[in-house]
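Written below as structure tokens is the structure these notes are about.
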Amino acid sequence: MVCAQNDPVVTVCIVNGKSDVLLSSTAGLKVIVDKKAYSVSAQEQLSFIASKTKVVWQERQLVSSSFRVTTQGKGFILVNNLPFRGSFTLKNERGNLIVINHLYLDDYIRGTIKMEINPHWPEEAVKAQIITARTYAVKNLTRHREQGYDFCATSHCQVYGGVNAEDPITNKLIDSIKGFILTYQNQPAGVCFHSESGGCTDSAFNVWGKNVPYLVSVYSPWENDSPHAQWEVEISSEELTRALQQAGFIQGLIVDVQAQPNSGEQRVSKILIQTTLKKYQIPASKFREALGYDRLPSTFFELTPIKKTLIPAKPIIKPQATLSPSSSVSENLGSNNGNPGYREMLDKDWSLDDIFTFLSLREQERQKSNSSRMKQSSPPKPVERFEEKETLETLHNPETLYRDHSKYLFRGKGYGHGVGLSQWGARGMAMEGYSYQEILFHYFPGCEIKKARFK
Ligand SMILES: [Zn+2]
Numbered sequence: 001m002v003c004a005q006n007d008p009v010v011t012v013c014i015v016n017g018k019s020d021v022l023l024s025s026t027a028g029l030k031v032i033v034d035k036k037a038y039s040v041s042a043q044e045q046l047s048f049i050a051s052k053t054k055v056v057w058q059e060r061q062l063v064s065s066s067f068r069v070t071t072q073g074k075g076f077i078l079v080n081n082l083p084f085r086g087s088f089t090l091k092n093e094r095g096n097l098i099v100i101n102h103l104y105l106d107d108y109i110r111g112t113i114k115m116e117i118n119p120h121w122p123e124e125a126v127k128a129q130i131i132t133a134r135t136y137a138v139k140n141l142t143r144h145r146e147q148g149y150d151f152c153a154t155s156h157c158q159v160y161g162g163v164n165a166e167d168p169i170t171n172k173l174i175d176s177i178k179g180f181i182l183t184y185q186n187q188p189a190g191v192c193f194h195s196e197s198g199g200c201t202d203s204a205f206n207v208w209g210k211n212v213p214y215l216v217s218v219y220s221p222w223e224n225d226s227p228h229a230q231w232e233v234e235i236s237s238e239e240l241t242r243a244l245q246q247a248g249f250i251q252g253l254i255v256d257v258q259a260q261p262n263s264g265e266q267r268v269s270k271i272l273i274q275t276t277l278k279k280y281q282i283p284a285s286k287f288r289e290a291l292g293y294d295r296l297p298s299t300f301f302e303l304t305p306i307k308k309t310l311i312p313a314k315p316i317i318k319p320q321a322t323l324s325p326s327s328s329v330s331e332n333l334g335s336n337n338g339n340p341g342y343r344e345m346l347d348k349d350w351s352l353d354d355i356f357t358f359l360s361l362r363e364q365e366r367q368k369s370n371s372s373r374m375k376q377s378s379p380p381k382p383v384e385r386f387e388e389k390e391t392l393e394t395l396h397n398p399e400t401l402y403r404d405h406s407k408y409l410f411r412g413k414g415y416g417h418g419v420g421l422s423q424w425g426a427r428g429m430a431m432e433g434y435s436y437q438e439i440l441f442h443y444f445p446g447c448e449i450k451k452a453r454f455k
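Per the numbering used here, the very first residue in the sequence shown carries number 1; after that it's consecutive.
What follows is the structure, encoded as structure tokens:
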């Protein structure tokens, strides 16, 4: 990392896994390879391709493991016709090109910030986001060290789009708070941000199991006009089962889901799942990840079962049984022969014990009904034995015979993991006249704002 007036040079991988790349600059280029420098005029476009293990500069037929490309004067370098600040290194990585952009930290922030926040939002909210993004970058400088650069250009780090992603408004604001970052005990803070908290942020401990003194739950009552201020999502038991099975969290079919709120806080911390096989406890953030972040916008919700009906996946009574054609299972469920048993259970919430009680009561009723039928008509086939076998199968393997068709209503607020700075909260605070310092100290309690120092 090279130092220049407290604005270090960072490296960002902007092309990875391509076989060729085109470079040019209106200021002309300088190519440095194996300690020799070559000047290239402004009109010339350079083509580099990957060989098996090296990089080839096609116009000069030069082969090397690494090329450095800078401008001859002031101007951007066009990489595949997109403009970037700073200079470049081209390398070979497993038979493909990687193109690494070297540029000042704040120039990198210029090319990321518009992807994170609307430049036309109130200035103090945008400044709070800039300081959060700069702090995040400083804290994560070593993230891709093993690959030979600081950041990738995707959402894994921050989405970086070069000069085309810049905005004059955010560029001006970046300069106005140059070098400032959030610190905790004189070290860069491990900040994070999200779109909308829904009225109350979450702690890093609840979401990631990590205790961070300044990533705690705080109220955020400035988000009433945010797009996800209130939301409702209906999710079927089948979809939940499928998503949680695919994530490897559960086995068996879901028969009950409950949300467990944090003690003293309003967000959900754990989801309790009862399947046909076992009880599970899943962190709410993992539950949301398994369902998909867009499917379940946040972990700030109330959970209500809409309807829970257990329907046999196949009839208990097979056609060859001695019952008349009209004696289907559903009719058995609906008949009322005075037994106070299972029919009343259809209206209640079901646990696994309820399923077994239901099966046993229905079995009793069916036996009664069968014996009265057998008195009327003949053939004494081994009905009871057949049914006994089916009941046993049901008890030992309920999931093959029963499917839970219930749905759950998630009624929630906010969008995102909910930890750290709420962008819509910051916007609301700025609209009420709070400064970027007040915004940051609210969402990161205990932190300070200081000029970053680089060795
Ligand atoms: Zn990355």
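Glycine residues also receive a C-beta, built at the ideal position from the N, C-alpha and C atoms.
Opening and closing residue of the beta strand (DSSP E) in which L62 lies: Residues 62–64.
Status (buried if at least 16 other CB within 10 Å, exposed otherwise) for P188: By the Cβ neighbour-count rule, P188 is buried, with 16 or more other Cβ atoms within 10 Å of its own.
Three-state secondary structure assigned by DSSP to H396: Because H396 carries a pLDDT of 45, less than 50, the predicted location of this residue cannot be relied on, and the following value inherits that uncertainty. DSSP places H396 in helix when its eight states are reduced to three.
C157 beta carbon near ligand 1 (any heavy atom closer than 6 Å): C157 Cβ: within cutoff of ligand 1.
Own chain partners of V63 with C-beta closer than 6 Å, once the 5 adjacent residues on each side are dropped: Cβ within range, chain order: K54, V56.
Distance cut-off 6 Å: C152 Cβ against heavy atoms of ligand 1: Indeed, a heavy atom of ligand 1 lies less than 6 Å from the Cβ.
Cα-Cα separation between G252 and K278, rounded to whole angstroms: Looking at the two C-alpha atoms, the distance is approximately 8 Å.
Three CB pairs or more closer than 8 Å across the region 211–225 and the region 414–424: Pairwise C-beta distances place the region 211–225 in contact with the region 414–424, as three or more of them are shorter than 8 Å.
For V268 and L291, the rounded distance between their alpha carbons: Roughly 15 Å separates the two Cα atoms.
Through-space distance from M115 to P122, alpha-carbon basis: So the two alpha carbons sit approximately 16 Å from each other.
Limits of the unbroken beta strand (DSSP E) element including D256: D256 -> beta strand (DSSP E) spans 254–261.
Cβ pair I250, S237 closer than 7 Å: In this structure, the beta-carbon distance from I250 to S237 does not fall below 7 Å.
Per DSSP, the bridge partner or partners of R411: DSSP lists E232, E302 as partners of R411.
Contacts around P382, its chain only, beta-carbon distance under 6 Å, and the 5 residues preceding and following it disregarded: Legend: pLDDT at P382 = 35, less than 50; position of this residue unreliable, value from coordinates given subsequently. Cβ within range, chain order: n/a, list empty.
Close beta carbons around D107, own chain, < 7 Å, minus the five adjacent residues each side: Only R85, G86 meet the Cβ criterion.
Selection from E432, L303, R453, L29 that minimises the alpha carbon distance to K413: Checked all of E432, L303, R453, L29; the closest Cα to K413 is L303.
Beta-carbon contacts of A452 that lie in its chain and below 6 Å, excluding the five residues immediately before and after: Within the same chain, A452 has close Cβ partners V138, G179, I181.
Backbone CA spacing between L103 and K127 [nearest angstrom]: Between L103 and K127, the C-alpha separation is close to 21 Å.
CA-to-CA distance, T70 to Q266, given in whole angstroms: Going by the C-alpha atoms only, they are around 53 Å apart.
Presumed contact (8 Å Cβ cut-off) between L425 and S197, rounded CB distance: The amino acid at residue 425 is misidentified as Leu; the sequence shows Gly. G425 to S197, Cβ: 6 Å. Contact.
For F454, three-class secondary structure by DSSP: In the structure shown, F454 falls within a coil segment according to DSSP collapsed to helix, strand and coil.
According to DSSP, residues forming a beta bridge with E93: N96, per the DSSP bridge assignment.
Proximity of I113 and I131 at Cβ, strictly below 7 Å: The Cβ atoms of I113 and I131 do not sit closer than 7 Å to each other.
Backbone CA spacing between S326 and S285 [nearest angstrom]: Unreliable placement is indicated for S326, whose pLDDT of 37 sits below 50; no coordinate value is reported for it.
Distance between F151 and Y160 (C-alpha atoms, nearest Å): Looking at the two C-alpha atoms, the distance is approximately 9 Å.
DSSP state of S41 mapped onto helix, strand, coil: Assignment of S41 by DSSP, reduced to helix, strand and coil, places it in the coil class.
Cβ separation of L90 and L97, assumed to be a contact under 8 Å, to the nearest whole Å: Yes, L90 and L97 are in contact; Cβ-Cβ is about 6 Å, under 8 Å.
Residue environment, Q423, which counts as buried when at least 16 other CB atoms sit within 10 Å: Counting Cβ neighbours within 10 Å, Q423 comes out buried, since at least 16 surround it.
Cβ pair count under 8 Å reaching 3, the region 71–82 against the region 26–42: Counting C-beta pairs closer than 8 Å gives three or more between the region 71–82 and the region 26–42, which meets the contact rule.
Buried/exposed call for G338, threshold 16 Cβ in 10 Å: Summary for G338: the model assigns pLDDT 39, below 50, so the residue's position carries little reliability; its value from the coordinates is reported in the next sentence. By the 10 Å Cβ count, G338 comes out exposed.
Three-state secondary structure (DSSP) of R110: Of the three classes helix, strand and coil, the one that applies to R110 here is helix, per DSSP.
Where the beta strand (DSSP E) containing T201 begins and where it ends: Neither: T201 is in no beta strand (DSSP E) and is coded neither H nor E.
Q147 - DSSP class collapsed to helix/strand/coil: Note: Q147 maps to helix in three-state DSSP.
Residues bridged to Q281 (per DSSP): Beta-bridge pairing links Q281 to L272.
Per-residue burial, L173 [other beta carbons within 10 Å of its own, 16 or more giving buried]: Counting every other CB atom within 10 Å of its CB across the protein chains shown gives L173 a total of 16 or more, marking it as buried.
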